[in-house]
Structure formats: C-alpha cells, structure tokens
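Input: a single structure, listed below in structure tokens.
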Amino acid sequence: MMVELHERRFNQRRRIKEKLFVALCFTATLIAIIALVALLVKVVRDGAGRLSAEFLTSFPSYKPERAGIKSPLIGTALVVGLTALIGIPIGVAAAVYLEEFQDRKTRLTEFIQVNISNLAGVPSIVYGLLGLAVFVRWMMLGRSILAGALTMALLILPMVIIVSQEALRAVPSAYREGSYALGATRWQTIRRQVLPAAAPGIFTGVILAISRAIGETAPLIVVGAAASANFIPRNLMDSYVVLPLQVFSWSRYPQEAFHQNAAAAIIVLLVALLLLNSVAIYLRGRARR
C-alpha cells in the first residue's frame with residue numbers, strides 16, 4: 000500500500016514537472032515569435048514605401064531620396080558567390096576525407112576534429128582579424144573582394160565540414176557494403192552512392208552557411224570593406240561594399256529618411272535569404288526523390 004502511494008506521488012510530481020517544462024518551452028517560443036514578428040512589422044512598415052526599381056538600380060547617395068542599393072547588392076552577390084566557390088568544395092572534401100578515408104581515428108584526426116568543432120563557435124570578428132593579418136597584409140591582397148571572400152570562406156568552413164560529416168554519417172553502411180560487393184572502388188562508392196544519399200543534408204548545411212555569410216558584417220569591416228560606395232567593382236581586386244554594411248552606414252545617420260532606406264535594404268536582404276532557403280528546400284526534396 001505504501002509502495003503504491005509512493006509511486007502515485009512520484010508520477011504526479013513527474014507529470015507536474017513535465018507540464019511546467021512544456022509551458023516553459025512554449026513561453027520561450029512564443030516570446031521569440033512575438034519579438035520576430037514585431038521586428039518584421041517595424042521593418043516592413045518603415046521600408047516598404049522605399050522599395051522600387053529605382054531603389055534597386057541606384058547607387059548610395061548622401062541624398063536619401065536618391066539613394067539605392069545597386070553597388071551593395073552587386074558587392075554582396077560577388078562576395079557571397081566567391082565565398083561559396085571557395086568554401087563549399089573545400090569543406091565537403093574535408094568532410095569526405097575525415098569520414099570516408101580515415102578508417103581508424105588517430106590522434107591527428109581527433110585533434111583536427113576537436114579544432115573544427117571549436118572553430119565553429121569562434122566569434123566572427125576573430126575571423127576578420129585573421130583575414131586582416133593573412134589575406135590583407137601578408138598576402139597583400141588589400142581591401143579587395145578576394146580578401147573578403149577568403150575571410151568569409153574561413154568563417155563558413157567549420158559549419159560546412161560539420162554538417163557534411165553528419166550527413167555522411169547518416170548514410171547507411173549497407174550502401175557502402177553493397178557497392179564494394181559489386182566491385183566498385185572506394186572513390187566510386189563515395190561518388191555514386193554515398194554523396195548522392197548525403198546530398199539533402201549537405202545542401203541544407205551549405206545554404207545555412209551561405210545565409211550566415213550574407214548577414215555577417217564584423218569580419219568585412221575588419222578586412223576593409225567600404226561603408227558606402229557609388230561604383231561597381233570591375234575585378235576581384237577592387238574595393239566593394241556589401242548590403243549589411245550599407246544598412247549599418249545608413250542607420251548611423253540621424254535623418255529618418257536614411258532609416259527608411261536601411262529598413263528597405265533589410266527587406267531585400269530578408270527576401271534574398273528566403274530565396275536561398277527555398278532553393279535549399281527544393282534541392283533537398285529533389286535529392287531525396
């Protein structure tokens with residue numbers, strides 16, 4: 000009888016704790032959603048009136064009614080595109096090597112793995128300082144698009160490697176064993192069986208990494224990206240400006256019109272992120288089929 004009473008009380012306390020935990024999680028989620036909605040409403044209310052074809056095709060200006068985001072938009076596309084071309088192949092190749100070609104975990108691979116995990120949590124401004132020391136000064140690339148893209152590639156590299164490794168680990172070992180049984184080499188197995196099966200997870204991680212690169216500001220400030228520019232870069236060694244930096248520049252002005260321009264640029268940035276996520280969802284679904 001006492002045992003049953005004790006079990007009943009224990010079950011009641013457990014149910015109460017579960018309900019409290021669920022309520023806490025729901026409250027935290029609700030607060031985050033409310034804050035996000037409030038931010039989006041304010042941004043749309045302030046910047047929707049400035050969105051137009053002229054705003055997208057005009058250069059930044061000290062006159063807010065004439066200012067646009069042509070050069071920041073092109074600069075963002077160039078930096079992010081070059082970052083993807085540099086960081087994604089290296090990150091995926093590193094993940095394939097660590098997961099598929101290292102059958103036994105040595106001290107070296109464990110050391111590399113630990114440092115990759117640690118680098119994923121390093122503040123972005125540290126990568127900016129590294130890019131300033133290595134790419135801008137030591138390699139003498141100056142304040143160029145190439146220096147900025149190399150810095151951003153270092154920033155996304157740990158995330159790409161970690162996500163790609165998780166996607167490769169999720170591939171059933173039967174895929175590899177069946178391919179080996181049919182006489183395929185290791186590289187043929189990886190290229191024709193493992194990578195296609197891991198593609199949905201890799202696509203998702205890559206898009207998340209690129210989305211982070213689009214919104215980063217601190218590393219590009221350190222490596223010398225311009226706060227504003229009324230020209231289009233002609234080559235990879237030219238100066239540049241990106242959309243987040245232009246938003247930061249406009250937000251420092253006291254005039255309300257510049258704040259509206261910043262809000263409109265934020266809307267464009269959010270739309271670009273949504274398009275990237277949509278592409279990721281499409282590619283992931285197609286790879287699964």
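Mind the numbering: the sequence shown is residues 0 to 288 in numbering that gives the first Met the number 0, read in order.
Yeah, the Cβ is synthetic: ideal placement off N, Cα and C, and Gly gets one too.
For the pair Y126 and L153, the CB atoms are nearer than the 8 Å cut-off.
When the five nearest sequence neighbours on each side are left out, the beta carbons in the same chain lying within less than 6 Å of the beta carbon of L118 are those of P157, in order along the chain. The shortest C-alpha to C-alpha distance from E165 to any of G177, E98, N276 and L129 is the one to E98.
The count of Cβ pairs closer than 8 Å, one atom from the segment 62-81 and one from the segment 237-254, reaches three, so the stretches are in contact. Here DSSP, grouped into helix, strand and coil, assigns A92 to helix. For T150, the enclosing alpha helix (DSSP H) starts and ends at I144 to R168. Closest by C-alpha distance to I189, out of S60, A94, K69 and I85, is A94.
Taking 8 Å as the cut-off, the Cβ atoms of D45 and Q192 do not count as close. Taking 4 residues as the minimum length, the alpha helix (DSSP H) runs contained wholly in the segment 108-134 are 123-130, in order along the chain.
Note that the C-beta distance between I280 and V79 is not below 8 Å. Rounded to the nearest whole angstrom, the CA to CA distance from I89 to S172 is 24 Å. I33 counts as exposed, since fewer than 16 other beta carbons sit within 10 angstroms of its beta carbon.
Taking the CA atoms as reference points, M151 sits about 29 Å from A52.
If you draw a 10 Å sphere on the C-beta of W249, you find 16 or more other C-beta atoms in it, and that means buried. For L50, the closest of A169, G147 and I265 by C-alpha to C-alpha distance is I265. F25 and I160 have their C-alpha atoms some 32 Å from each other. Around the beta carbon of L167, a 10 Å sphere encloses 16 or more other beta carbons of the protein chains shown; the residue is thus reported as buried.
DSSP, read as helix, strand or coil, puts N229 in coil.
Setting aside the 5 residues that flank it on each side, R8 has no residue in the same chain whose C-beta is closer than 8 Å to its C-beta. Ranked by Cα distance from Y61, the options S277, L274 and A256 are led by A256. With respect to I68, Q187 sits apart: the two C-beta atoms are not nearer than 8 Å.
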